[in-house]
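Trainee: Take this structure, written in structure tokens, and hold onto it; I'll ask about it next.
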Amino acid sequence: MDRSAQTFLDGNAAAGELRDIFVLELSTATTQCASCGKIAAFAEARVYGMEPGLIARCSGCENPLMRVVKSSGRVWLDLRGLQFLEVPTSSV
Amino acid sequence: MAGTAVLGRRLSWLVGTVTEVHDETPAARTIVFDVPDWPGHVAGQHVDVRLTAPDGYSAVRSYSIANAPTANRVEITVVRIDDGEVSPYLTQTVAQGDQLELRGPIGGWFVWRPAQTEPVQLIAGGSGIVPLMAMIRTRALAQSNAPFRLLYSVRNPESVLYAAELRECSRDVSITFAYTRTVPDGWPTPPGRIDAAAVAAHTWPANAAPQCYVCGPTPFVESAADLLRAAGQEPGSIKTERFGPTGG
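In structure tokens:
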């Protein structure tokens, strides 16, 4: 598997992992990028990695919206790239 | 209705029993699971599958769900990646009666619901057909009249997934194949990637205001979504699902 290529997945791919942390379904959440201000569904974010951590970047400017690392029985979460996260309370 | 999750429900791992396996192509296999506590799903959602080795090492992979929502039933179609960690097991070793752990359904954005009545444009690259097939099957199960078109890019005729079923539903769904490497005998055009001419000839025009779903490897999705935008489709009407090297 070529992991060096500049490939990425989208927010949908991270939804299972994030469900462990947020409990809510995040793919339908609306995000605003703290860097460029783009408002988009989290599903549209570009997700890199997965193991041992993932980074979700803005599809407009590549600013990191969310970084998640799971290790040694803990989850480390960095959300500084998000201006806001709006989660529908009646999602799928 | 299937797919109505309680807000904040934590997804737990469920045990699925393999009830059926069948080969779609030499490299792709469909696995059918019976999952007694499956909460139901919506076309386009996916499921995480966890394999655990006797030494405790485990690997999780996310697969699109292939079937229309049916009680306790989950189908996935896995394409073998030869140096992958999980797909060789799922496409070669797994057998009827085996038990695997599943978590889902996951995702609520790249979905099609029978309540939608607008025209639908599906564009698949390779095994990106899987969640789109779930939409086609859900449309048929729900007896929806939503007009569907599918543009399906594959390497060669032998790589087409669900070939027989697609032939059958071509009465209801307008289906166009685009072959990238080898075309069938007598095919009118040489092999090639989907381009602006193919999009113009075989997809809904922008004034039909379709909802577009594009699924495939990341570069394919980028290219197809760009072509749809260039053809005048509203950017907000194009939903994409990328898959790519997740470890196989």
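Residue numbers (this note's numbering), protein chains in the order written: chain A, 5 to 96; chain B, -9 to 238. We treat Cβ as the ideally placed atom computed from N, Cα and C, and that holds for glycine. Being a predicted model, the structure only gives us computed values, none of them experimental.
Do G36/B and I126/B have their CB atoms nearer than 7 Å?
Mentor: It should be noted that the sequence gives His, not Gly, for residue 36/B. No; because the gap between Cβ atoms is not below 7 Å, this pair is not in contact.
Trainee: By alpha-carbon positions, which one of F233/B, L131/B, I228/B and P180/B ends up nearest to A33/B?
Mentor: Of the candidates F233/B, L131/B, I228/B and P180/B, the one whose C-alpha sits nearest the C-alpha of A33/B is L131/B.
Trainee: On the three-state DSSP scale, how would you describe A33/B?
Mentor: The answer is strand: DSSP assigns A33/B an E or B state.
Trainee: Tell me whether D38/B sits in a helix, a strand or coil according to DSSP, three-state version.
Mentor: Of the three classes helix, strand and coil, the one that applies to D38/B here is strand, per DSSP.
Trainee: Closer than 7 Å by beta-carbon distance: list the chain A residues that pair up with E231/B, in chain order.
Mentor: Under the 7 Å cutoff, chain A gives D14 and N16.
Trainee: At 3 residues or longer, what runs of the beta strand (DSSP E) sit wholly inside the region 67 to 91 of chain A?
Mentor: List check, beta strand (DSSP E) in window: 68 to 75, 78 to 82 and 86 to 90.
Trainee: For R51/B, which residues from the same chain have a beta carbon less than 6 Å from its beta carbon, with the 5 sequence-adjacent residues on both sides left out?
Mentor: The residues are V39 and V76.
Trainee: What residue range does the alpha helix (DSSP H) around E158/B cover?
Mentor: A153 to C159 is the extent of the alpha helix (DSSP H) around E158/B.
Trainee: If you run the structure through DSSP and keep just helix, strand and coil, what is L314/B?
Mentor: Examination of residue 314/B is not possible in this model, given that chain B is present from -9 through 238 alone.
Trainee: Starting from the N-terminal side, write out each stretch of the alpha helix (DSSP H) that is 4 residues or longer and does not extend beyond the region 134 to 188 of chain B.
Mentor: Within the region 134 to 188 of chain B, the complete alpha helix (DSSP H) runs of at least 4 residues are 153 to 159.
Trainee: Quick check on the DSSP output: the alpha helix (DSSP H) that includes I126/B runs from which residue to which?
Mentor: That run of the alpha helix (DSSP H) goes I119 to L131.
Trainee: Report the rounded CA-to-CA distance for L165/B versus L83/A, giving the unit in angstroms.
Mentor: At residue 165/B the sequence reads Ile, which differs from the Leu that was named. One C-alpha to the other measures close to 43 Å.
Trainee: Whole angstroms are fine: how far does the CA of S134/B sit from the CA of H192/B?
Mentor: Taking the straight line from one Cα to the other gives about 22 Å.
Trainee: Look up P209/B in the DSSP assignment and say whether it is helix, strand or coil.
Mentor: Correct three-state label for P209/B: helix.
Trainee: When DSSP builds the beta bridges, which residues end up paired with E65/B?
Mentor: E65/B is bridged to V22/B.
Trainee: Which one or two residues does DSSP pair with Y203/B in a beta bridge?
Mentor: Its beta-bridge partners are L112/B and K229/B.
Trainee: Chain B partners of S31/A, CB-CB under 7 Å?
Mentor: Simply G97, G98 and W99.
Trainee: Going by DSSP in three states, L1/B sits in which element: helix, strand or coil?
Mentor: DSSP places L1/B in coil when its eight states are reduced to three.
Trainee: Let me make sure I understand the geometry here. Which of G53/A, L86/A, L89/A and S75/A has the alpha-carbon closest to that of F12/A?
Mentor: Comparing Cα-Cα distances from F12/A to each of G53/A, L86/A, L89/A and S75/A, the minimum goes to G53/A.
Trainee: Who are the neighbours of A19/A on chain B, taking C-beta pairs under 7 Å?
Mentor: Going along chain B in sequence order, the residues near A19/A (Cβ under 7 Å) are I96 and G97.
Trainee: Determine, using beta carbons only, whether L112/B and Y203/B come nearer to each other than 7 Å.
Mentor: The answer is yes: Cβ separation under 7 Å.
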